[in-house]
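Trainee: Chains as they are written, first to last, in the numbering used here: chain B, 1 to 215; chain S, 1 to 215. Quick one: the structure is below, questions incoming.
Number of protein chains: 2
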Amino acid sequence: METKEISQAVIGRLPRYLRYLGDLKDEGVERISSQELSERMQVTASQIRQDFNNFGGFGQQGYGYNVEYLYSEISKILGLDHKHHFIIIGAGNLGRALGNYLNFERRGFIFEGMFDKSPDLVGMDVRGIKVMPIEELEQFLKANQIDIVVLTIPKTSAVDIVNILVENGIRAIWNFAHVDLDVPDGIVVENVHLSDSLMKLSYNINRKMYEAGQE
Amino acid sequence: METKEISQAVIGRLPRYLRYLGDLKDEGVERISSQELSERMQVTASQIRQDFNNFGGFGQQGYGYNVEYLYSEISKILGLDHKHHFIIIGAGNLGRALGNYLNFERRGFIFEGMFDKSPDLVGMDVRGIKVMPIEELEQFLKANQIDIVVLTIPKTSAVDIVNILVENGIRAIWNFAHVDLDVPDGIVVENVHLSDSLMKLSYNINRKMYEAGQE
Numbered sequence: 001m002e003t004k005e006i007s008q009a010v011i012g013r014l015p016r017y018l019r020y021l022g023d024l025k026d027e028g029v030e031r032i033s034s035q036e037l038s039e040r041m042q043v044t045a046s047q048i049r050q051d052f053n054n055f056g057g058f059g060q061q062g063y064g065y066n067v068e069y070l071y072s073e074i075s076k077i078l079g080l081d082h083k084h085h086f087i088i089i090g091a092g093n094l095g096r097a098l099g100n101y102l103n104f105e106r107r108g109f110i111f112e113g114m115f116d117k118s119p120d121l122v123g124m125d126v127r128g129i130k131v132m133p134i135e136e137l138e139q140f141l142k143a144n145q146i147d148i149v150v151l152t153i154p155k156t157s158a159v160d161i162v163n164i165l166v167e168n169g170i171r172a173i174w175n176f177a178h179v180d181l182d183v184p185d186g187i188v189v190e191n192v193h194l195s196d197s198l199m200k201l202s203y204n205i206n207r208k209m210y211e212a213g214q215e
Numbered sequence: 001m002e003t004k005e006i007s008q009a010v011i012g013r014l015p016r017y018l019r020y021l022g023d024l025k026d027e028g029v030e031r032i033s034s035q036e037l038s039e040r041m042q043v044t045a046s047q048i049r050q051d052f053n054n055f056g057g058f059g060q061q062g063y064g065y066n067v068e069y070l071y072s073e074i075s076k077i078l079g080l081d082h083k084h085h086f087i088i089i090g091a092g093n094l095g096r097a098l099g100n101y102l103n104f105e106r107r108g109f110i111f112e113g114m115f116d117k118s119p120d121l122v123g124m125d126v127r128g129i130k131v132m133p134i135e136e137l138e139q140f141l142k143a144n145q146i147d148i149v150v151l152t153i154p155k156t157s158a159v160d161i162v163n164i165l166v167e168n169g170i171r172a173i174w175n176f177a178h179v180d181l182d183v184p185d186g187i188v189v190e191n192v193h194l195s196d197s198l199m200k201l202s203y204n205i206n207r208k209m210y211e212a213g214q215e
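Rendered as structure tokens:
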């Protein structure tokens, strides 16, 4: 693995490359030039080459990229060549949606447990996993090797839960709670703030309407 | 409203400012300096000033920002000062999670309808809205003023649905389908690719493990 620090913007683009390369593999395409990939993905070929150069370039330009090889290299960079065990805290609709999402399993993300504080949700079955009471979280974390905790709980509950996670050695949180988590260095947090995304959409609607009004 | 083009990176940060300003308002704080805001948000004061300068700066620096005013101005920039009517296509767990999310309503996003192709889901009640069969979508769009369509359907169904949306004058799509939508200019798409976010997390876990191994 490369030692130099790669920008999060580049990392953020890798899953999209992987998605297109997966489609190409499915179509039986063996090689693709940066130009062709550029047209498919609607980004410039120079952006693609720049991104790939962060990782040594992935092969000879004149011949195009080997699709299978590129797919496998990007998978490795993204850590998809080994398994990650995750639990979900919060068994509401969003938590259940994520628990039921089979694509995660295909990528090596293994769903190991689900917790909620509501007695109405405890005991519910989500893809073969019984929702456990939140009181059992700590004991579960001590007894099982969990790599990722998915937080699909309201922001008010998130702070207490995060303390339990940190104390029990959790190193990665996929956070859907609408709050920025305060965690020690060395713990990775990836936020999905859905409201923020919706507001960005709303801004762009406004913007387009304004532009249309100017024409 | 400003006429110059603001970068999507700046726009992407506005909802976070709004979130922190909302908290400050709730705490009864009336004025805040860029320095204090910087400490709370863990971004540099210069970044804050730069971001705000895109919109004219929002007031005198020596006195700090007026929290209420700043909150209201950013809300307006994000288009939150008027209502947006949305429907959700796909009544699975994710669609229902979004339909049930009351915070959207507080921001002026009004949930108007929900559609699914599965007879098992049609008729289900989600926050007072009955899930309608997908066959009724077109007629519904003709009869109602809908500003935003939320797509929580598999990628294979997304392409056909998007054609119906475009033909019926929809100008904004909040896309959770795991595919880049091909839409004409003038239509705004905001993507939430959950798998991409999870892979980014996985990359960063890998990275931290590697760094730890180097120490």
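Virtual Cβ for every residue (Gly too), placed ideally from N, Cα, C.
Determine, using beta carbons only, whether S:Glu-203 comes closer than 9 angstroms to chain B.
Mentor: It should be noted that the sequence gives Tyr, not Glu, for residue 203 of chain S. Output row for S:Tyr-203: interface = yes.
Trainee: Could you tell me whether any Cβ in chain B is nearer than 9 angstroms to the Cβ of S:Tyr-71?
Mentor: Answer no: the Cβ-Cβ gap between S:Tyr-71 and chain B never drops below 9 angstroms.
Trainee: Run the CB neighbour count on S:Leu-198, radius 10 Å, all protein chains shown included, and call it buried at 16 or more, exposed below.
Mentor: buried
Trainee: Report yes if the CB atom of S:Gly-108 is closer than 9 angstroms to the CB atom of S:Met-132, and no otherwise.
Mentor: no
Trainee: Spatial neighbours of B:Pro-184 within its chain, please: CB distance less than 8 angstroms, with the 5 preceding and 5 following residues excluded, ordered by chain position.
Mentor: Val-166
Trainee: Does DSSP put S:Pro-133 in a helix, a strand or coil?
Mentor: Under the three-state reduction of DSSP, S:Pro-133 is assigned to strand.
Trainee: Taking beta-carbon pairs under 9 angstroms, can you tell me which members of the segment 185-201 of chain S lie near chain B?
Mentor: Gly-186, Ile-187, Val-188, Val-189, Glu-190, Asn-191, Val-192, His-193, Leu-194, Ser-195, Asp-196, Ser-197, Leu-198, Met-199, Lys-200 and Leu-201
Trainee: Mind listing the chain S neighbours of B:Ala-158? Cutoff is C-beta to C-beta under 8 angstroms, in chain order.
Mentor: None at all; the shortest Cβ gap to chain S is about 13 angstroms.
Trainee: When the Cβ atoms of the segment 63-80 of chain B are set against those of the segment 22-39 of chain B, are three or more pairs found closer than 8 angstroms?
Mentor: yes
Trainee: Report the residue ranges of all beta strand (DSSP E) runs contained in full by the segment 30-105 of chain S; include only those spanning at least 3 residues, in chain order.
Mentor: 84-89
Trainee: Rounded to whole angstroms, what is the Cα-Cα separation between S:Phe-55 and S:Leu-14?
Mentor: 11 angstroms
Trainee: Run through DSSP, which three-state label would B:Phe-216 get?
Mentor: Outside the shown range of chain B, which is 1 to 215, sits residue 216 of chain B, and nothing can be said about it.
Trainee: Is it buried or exposed for B:Ser-75, if we count other Cβ within 10 angstroms and need 16 for buried?
Mentor: buried
Trainee: Does B:Gln-42 have its Cβ less than 9 angstroms from a Cβ in chain S?
Mentor: yes
Trainee: Measuring CB to CB, does S:Asp-180 end up less than 9 angstroms from S:Asn-191?
Mentor: yes
Trainee: Any beta-carbon of chain S closer than 9 angstroms to the one on B:His-85?
Mentor: Judged by the 9 angstroms Cβ criterion, B:His-85 is not in contact with chain S.
Trainee: Could you check whether the Cβ of B:Gln-8 sits closer than 9 angstroms to any Cβ belonging to chain S?
Mentor: yes
Trainee: Taking DSSP's pairing of strands, which residues face S:Leu-151 in a bridge?
Mentor: S:Ile-89 and S:Asn-175
Trainee: Taking the alpha-carbon of B:Leu-94 as reference, which of B:Asn-175, B:Leu-78, B:Asp-81 and B:Tyr-210 has the nearest alpha-carbon?
Mentor: B:Asn-175
Trainee: Rounded C-beta distance between S:Ile-134 and S:Phe-115? I'm assuming under 8 angstroms.
Mentor: 5 angstroms
Trainee: Quick check: the Cα distance between S:Gly-28 and S:Ala-45, rounded to an integer number of angstroms?
Mentor: 22 angstroms
Trainee: Using the beta-carbon count (16 or more within 10 Å), is B:Lys-83 buried or exposed?
Mentor: exposed
Trainee: Classify S:Ile-110 as helix, strand or coil using the three-state DSSP reduction.
Mentor: Assignment of S:Ile-110 by DSSP, reduced to helix, strand and coil, places it in the strand class.
Trainee: Can you grab the Cα-Cα spacing for the pair S:Gly-90 / S:Arg-49, in whole Å?
Mentor: 41 angstroms
Trainee: How about B:Lys-117 and B:Gly-123: are their beta carbons less than 9 angstroms apart?
Mentor: no
Trainee: Considering only residues of the same chain and omitting the five flanking positions on each side of S:Glu-35, which have a CB-CB separation below 6 angstroms?
Mentor: Correcting the residue identity first, residue 35 of chain S is Gln in this sequence and not Glu. Cβ neighbours of S:Gln-35 beyond the five flanking positions: Ala-45.
Trainee: List the residues of chain B that S:Ile-32 touches, going by C-beta distances under 9 angstroms, in chain order.
Mentor: Within 9 angstroms Cβ-Cβ: nothing; S:Ile-32 doesn't reach chain B, min ~17 angstroms.
Trainee: Specify the secondary structure class of B:Val-162 as computed by DSSP and reduced to three states.
Mentor: helix
Trainee: From B:Ser-202 to B:Gly-62, what does the alpha carbon distance come to, in whole angstroms?
Mentor: C-alpha of B:Ser-202 to C-alpha of B:Gly-62: approximately 43 angstroms in a straight line.
Trainee: With the cut-off set at 9 angstroms, would you say B:Arg-31 and B:Asn-66 are in Cβ contact?
Mentor: Yes. Within cutoff.
Trainee: In chain order, what residues of the same chain lie with their CB nearer than 7 angstroms to the CB of B:Gly-128, ignoring the 5 residues before and after it?
Mentor: Closer than 7 angstroms at the Cβ level, and outside the excluded window around B:Gly-128, lies no residue.
Trainee: Residues of chain S with CB under 7 angstroms from B:Arg-96, in chain order?
Mentor: Asn-93
Trainee: Establish whether the CB of B:Gly-79 and some CB of chain S are separated by less than 9 angstroms.
Mentor: yes
Trainee: Run through chain B and tell me which residues come within less than 8 angstroms of S:Asp-147, C-beta to C-beta.
Mentor: Ile-205
Trainee: Where B:Leu-102 and S:Asn-100 are concerned, what is the direct C-alpha to C-alpha distance, given to the nearest angstrom?
Mentor: 23 angstroms
Trainee: Taking B:Lys-208 as the query, report the chain S residues whose CB atoms sit under 9 angstroms from its CB, ordered along the chain.
Mentor: Taking a Cβ-Cβ cut-off of 9 angstroms, the neighbours of B:Lys-208 in chain S comprise Arg-171, Ala-172, Gly-186, Ile-187 and Val-188, given in sequence order.
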